[in-house]
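Each remark here refers to the structure printed beneath this line.
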Amino acid sequence: MGVLRNNADTLLTILSAVVSDPLYKWSLSPMKANQHQRNDDEEDDNGSTNTKLSMPNAWMAPTSEDQNDTAARAIAKIHEKLEGYEDGTSGEHKTVAGQVKLLINEARDPDNLSMMFGGWASWI
Numbered sequence: 006m007g008v009l010r011n012n013a014d015t016l017l018t019i020l021s022a023v024v025s026d027p028l029y030k031w032s033l034s035p036m037k038a039n040q041h042q043r044n045d046d047e048e049d050d051n052g053s054t055n056t057k058l059s060m061p062n063a064w065m066a067p068t069s070e071d072q073n074d075t076a077a078r079a080i081a082k083i084h085e086k087l088e089g090y091e092d093g094t095s096g097e098h099k100t101v102a103g104q105v106k107l108l109i110n111e112a113r114d115p116d117n118l119s120m121m122f123g124g125w126a127s128w129i
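Each position in the sequence shown, counted from 1, maps to that position plus 5 in this note's numbering.
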């Protein structure tokens, strides 16, 4: 964690380059995916065939504003974590040791472990 914090500027620069990659889709949110799936289900229920050659609107490339907004939020979240601000800490700045201890405790939390895919076999 200390190495990540010391090299945060370099890491954020690399992540910014990845985020600006036009091939990466930041726009397909779970809400858009659900809406797309509902639209497909409604078309199937109505007896129409889905023979569209073009991509549906939910999968089309995002506008630059949407893409920049989502990417900026992702980078900001990573930047906060690199500075020692974790979710659920009420805005407290954590030391490296404190942040590592918090992450280990979250990894051991039965509530978090119960949401994991059982086939991963984390207990092995």
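In this text, a Cβ means the ideal position worked out from N, Cα and C, and glycines have one as well. Only a predicted model underlies this, so the values are computations on that prediction, with no experimental measurement involved.
- In the structure shown, D116 adopts helical secondary structure according to DSSP, grouped into three states.
- For the options Q40, H84 and M120, the alpha carbon positioned closest to that of N11 is the one of H84.
- At the C-beta level, V24 and A81 stay beyond 8 Å of one another.
- Leaving aside the five residues that flank V101 on each side, the residues in its chain whose CB is nearer than 6 Å to its CB run, in chain order, M6 and G7.
- Counting only the Cα atoms, N110 lies some 29 Å from A76.
- About 4 Å separates the beta carbon of L87 from that of A13, a gap short enough to meet the 8 Å contact definition.
- Cβ-Cβ distances below 7 Å link L20 to I80 and I83 in the same chain, with the five nearest sequence neighbours on each side left out; the list follows chain order.
- For V105, the closest alpha carbon among the candidates Y90, G96 and W125 is that of Y90.
- When DSSP states are grouped into helix, strand and coil, S21 belongs to the helix group.
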